[in-house]
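Down below is the structure, laid out as structure tokens.
Protein chains in written order, with my numbering: chain A, 73 to 223; chain B, 73 to 223.
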């Protein structure tokens, strides 16, 4: 699925999110509610496999529900390096990310934190860069400082 | 495989590349030679599936040879959006890329073209960004200018 460039739904609480789903005519099945709750409780982006294990649900059912949440504008997915795609709620606005290829660290950033980087890309190439779906990949300060042999 | 941050082997011609493989004690089998030739002829990064079809080789054999070329420092792979990983020779130095999520356009850049972007990332977050393996993703000037409904 191509990640949407459309503004997503704003919500703060689980009840808001459930109301947004109902407004779109979507049924709140138990797995759907569980997936939504687990995304609220997660501290950052999580994989479908992680959710399936935690919730003791079939991974295909978790995927289907994540897709519905994404199509409804409540969730988004992103790709960190070679790992599985990760899922996150977007009720407070989409986030952008930095990912360290050395140690796997992820830095979650507020929407405007990368604006100067984005402006440099625009200035040089006219591209409108977006690091929500495919974050900036590189080495974190710690990994960048350590000699290559130790990475 | 974690893309290497080590400097890669320099080579200009197919003969140089074959010599570099022999120096590493690697046998030049027919599939290996064919894959190397096809990478030389390709105009940009290509997928293993594309090479397998073109060379009428087993895709597993193409993958194995691409992996050997990458481990030997002659080739690299990169990820453009949701597509398969793509492979490219690095004899003239690694390239960095911009990828348009709208139309699939790929812009290949010389190593220092993104230095100002990299400097902004370093200044803000201390990360050493690298767009060889996971390029900058966004919308190209044309897609960024067209109304969302037409993308």
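For every residue, glycine included, the Cβ atom is placed at its ideal position computed from N, Cα and C.
**OP:** May I have the straight-line CA-CA distance separating residue 120 of chain A from residue 139 of chain A, to the nearest angstrom?
**Re:** As a first step, residue 120 of chain A must be located in the first chain, where it is residue number 48. As a first step, residue 139 of chain A must be located in the first chain, where it is residue number 67. One C-alpha to the other measures close to 10 Å.
**OP:** With residue 172 of chain B as the anchor, note down where its alpha helix (DSSP H) starts and where it stops.
**Re:** Along the second chain, one-based indexing puts residue 172 of chain B at 100. Note, residue 172 of chain B: premise wrong, no alpha helix (DSSP H); beta strand (DSSP E) at 168 to 172.
Original post:
What's the call for residue 217 of chain A, buried or exposed, on a 16-neighbour Cβ count within 10 Å?
Top reply: Reading the first chain from its first residue, position 145 is the one you call residue 217 of chain A. It counts as exposed.
Subject >> Proximal residues to residue 157 of chain B (C-beta, below 6 Å), its chain only, five neighbours per side dropped >> reply: In the second chain, residue 157 of chain B corresponds to position 85, counting from 1. Around residue 157 of chain B: 149 and 151.
Subject >> Nearest candidate by alpha-carbon position, reference residue 172 of chain A, set B/133, B/202, B/180 and B/187 >> reply: The sequence position of residue 172 of chain A within the first chain is 100, counting from 1. Considering only alpha carbons, the answer is B/202.
Subject >> Every unbroken alpha helix (DSSP H) inside the stretch 144 to 213 of chain A [4 residues or more] >> reply: 187 to 197
**OP:** Go through its chain and collect everything with a Cβ distance to residue 96 of chain A's Cβ below 8 Å, but skip five positions before and after it.
**Re:** Residue 96 of chain A sits at position 24 when you count from the first residue of the first chain. Only 144 meet the Cβ criterion.
Subject >> Residues near residue 73 of chain A in its chain [Cβ-Cβ closer than 6 Å; skip 5 each side] >> reply: By 1-based counting over the first chain, the position of residue 73 of chain A is 1. Unreliable positioning characterises residue 73 of chain A in this predicted model, as indicated by a pLDDT of 45, which lies under 50. A coordinate reading is not provided.
**OP:** Determine the closest residue to residue 84 of chain B out of B/136, B/146 and B/104, with distance taken between C-alpha atoms.
**Re:** As a first step, residue 84 of chain B must be located in the second chain, where it is residue number 12. If we check each option's Cα against that of residue 84 of chain B, B/146 comes out closest.
Original post:
For the 8 Å Cβ check, are there 3 or more pairs between the stretch 173 to 180 of chain B and the stretch 154 to 168 of chain A?
Top reply: no
Original post:
What three-state label does DSSP hand residue 118 of chain B in the structure shown?
Top reply: In the second chain, counting from the first residue as 1, residue 118 of chain B sits at position 46. Correct three-state label for residue 118 of chain B: strand.
**OP:** Determine the direct distance from the alpha carbon of residue 107 of chain B to that of residue 208 of chain B, and round the result to whole angstroms.
**Re:** Position 136 of the second chain, counted from the start, is the residue given in the question as residue 208 of chain B. Position 35 of the second chain, counted from the start, is the residue given in the question as residue 107 of chain B. Looking at the two C-alpha atoms, the distance is approximately 27 Å.
**OP:** Please determine, among B/133, B/169, B/210 and B/199, the residue with the shortest C-alpha to C-alpha distance to residue 104 of chain B.
**Re:** Residue numbering aside, residue 104 of chain B sits at position 32 when the second chain is read from its first letter. The shortest Cα separation from residue 104 of chain B among B/133, B/169, B/210 and B/199 belongs to B/133.
Subject >> Buried/exposed call for residue 167 of chain B, threshold 16 Cβ in 10 Å >> reply: If you number the second chain from 1, residue 167 of chain B lands on position 95. It counts as buried.
Original post:
Can you find a CB in chain A that lies within less than 9 Å of the CB of residue 74 of chain B?
Top reply: Your numbering for residue 74 of chain B matches position 2 in the second chain. Since pLDDT at residue 74 of chain B reaches only 47, below the 50 mark, its modelled position is unreliable, and the value read off the structure follows with that caveat. Chain A, which has a Cβ nearer than 9 Å to the Cβ of residue 74 of chain B, makes this yes.
Original post:
Considering only C-alpha positions, which residue in the set A/206, A/215, A/211 and A/87 is nearest to residue 117 of chain A?
Top reply: Locating residue 117 of chain A in the first chain gives position 45, counting from the first residue. The residue with the shortest Cα to Cα distance from residue 117 of chain A is A/206.
**OP:** Would you grab the beta carbon distance between residue 189 of chain B and residue 193 of chain A for me? Rounded to a whole angstrom, and I think it's under 8 Å.
**Re:** As a working note, residue 189 of chain B is residue 117 in the second chain. As a working note, residue 193 of chain A is residue 121 in the first chain. Their Cβ separation, rounded to whole angstroms, is 6 Å, which keeps residue 189 of chain B and residue 193 of chain A in contact under 8 Å.
Subject >> Simplified DSSP state of residue 90 of chain B, which is helix, strand or coil >> reply: For the purposes of this step, residue 90 of chain B is taken as the residue at position 18 of the second chain. Helix, per DSSP.
Subject >> Cα-Cα separation between residue 137 of chain B and residue 155 of chain A, rounded to whole angstroms >> reply: The residue given as residue 137 of chain B occupies position 65 in the second chain. The residue given as residue 155 of chain A occupies position 83 in the first chain. Those two C-alpha atoms are separated by around 23 Å.
Original post:
In terms of alpha-carbon separation, which member of B/109, B/88, B/141 and B/170 lies closest to residue 213 of chain B?
Top reply: For this step, residue 213 of chain B is matched to residue 141 along the second chain. Closest by alpha carbon: B/170.
Original post:
By a C-beta neighbour count over all protein chains shown, 10 Å radius and 16 as the cutoff for buried, is residue 223 of chain A buried or exposed?
Top reply: Residue 223 of chain A sits at position 151 when you count from the first residue of the first chain. Low per-residue confidence applies at residue 223 of chain A: pLDDT is 49, beneath 50, and the placement is therefore not dependable enough to give any value.
Original post:
Near residue 135 of chain B, what residues of its chain come up, given a Cβ to Cβ distance below 6 Å and the 5 sequence neighbours on each side ignored?
Top reply: If you number the second chain from 1, residue 135 of chain B lands on position 63. So the qualifying residues of the chain are 120.
Original post:
Which two residues bound the contiguous alpha helix (DSSP H) that contains residue 107 of chain A?
Top reply: In the first chain, residue 107 of chain A corresponds to position 35, counting from 1. 102 to 113 is the span of the alpha helix (DSSP H), which, as asked, contains residue 107 of chain A.
Original post:
the stretch 187 to 203 of chain A: which residues have C-beta closer than 7 Å to a C-beta of chain B, in chain order?
Top reply: 188, 189, 192, 193, 196, 197, 198, 199, 200, 201 and 202
Original post:
Quick one: what does DSSP say residue 98 of chain B is sitting in, helix, strand or coil?
Top reply: Translated into positions along the second chain, residue 98 of chain B becomes position 26. Note: residue 98 of chain B maps to coil in three-state DSSP.
Subject >> the stretch 97 to 118 of chain B: positions lying closer than 7 Å to chain A by Cβ >> reply: none
Subject >> Buried or exposed (CB count within 10 angstroms, at least 16 for buried), residue 102 of chain A >> reply: Counting from 1 along the first chain, the entry for residue 102 of chain A is found at position 30. Per the 10 Å Cβ criterion, exposed.
Original post:
Just how far apart, CA to CA, sit residue 89 of chain B and residue 183 of chain A?
Top reply: Position 17 of the second chain, counted from the first residue, corresponds to residue 89 of chain B. Position 111 of the first chain, counted from the first residue, corresponds to residue 183 of chain A. The alpha-carbon atoms of residue 89 of chain B and residue 183 of chain A are separated by roughly 45 Å.
**OP:** Using a Cβ cut-off of 9 Å, pull out every chain A residue sitting near residue 212 of chain B, in sequence order please.
**Re:** Along the second chain, read from residue 1 onward, the residue named residue 212 of chain B stands at position 140. By Cβ distance, chain A contributes 197, 198, 199 and 200.
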